[in-house]
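Read through the structure below, which is laid out as structure tokens, and then see the notes.
In structure tokens:
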């Protein structure tokens with residue numbers, strides 16, 4: 001946690017992504033970050049990323065992606081690649 005806090009100390013916004021039953025986990029993660037740090041964070045369904053938050057992703061907008069090894073793993077990894085291709089940290 002200390003290492004990650006140093007890496008992302010610059011961030012004022014975070015995007016949390018989850019697919020399927022992990023979407024509520026992404027929402028809760030974003031809520032917890034807001035509550036404990038007063039940093040803006042949004043949870044979003046990864047399947048809908050192209051319809052909104054993808055426009056906000058850049059090197060200053062880190063993303064937290066919930067990616068368990070399940071039937072949606074390949075799709076969520078595709079989302080990871082999309083974030084990285086826009087310069088976003090994952």
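In UniProt numbering, the protein residues as written are 1 to 90. Don't be surprised by glycine CBs; every beta carbon is placed ideally from N, CA and C.
So what's residue 68 in DSSP terms, helix, strand or just coil? Residue state, collapsed to three classes: coil.
Contact under 8 Å by Cβ, residue 61 with residue 15: Their beta carbons are under 8 Å apart, which means residue 61 touches residue 15 by this criterion.
Measuring alpha carbon to alpha carbon, tell me which of 51, 21 and 76 ends up nearest residue 64. Put simply, of 51, 21 and 76 the residue whose alpha carbon is nearest the alpha carbon of residue 64 is 76.
In this structure, what does DSSP give as the bridge partners for residue 24? According to the DSSP secondary-structure assignment, residue 24 is paired through a beta bridge with no residue.
Specify the secondary structure class of residue 52 as computed by DSSP and reduced to three states. Residue 52 falls in the coil class under three-state DSSP.
Per DSSP, which one or two residues make a beta bridge with residue 13? Answer is 40.
Within this structure, are the beta carbons of residue 29 and residue 43 separated by less than 8 Å? Yes. Within cutoff.
So the alpha helix (DSSP H) residue 7 belongs to, where does it begin and stop? 2-7 is the span of the alpha helix (DSSP H), which, as asked, contains residue 7.
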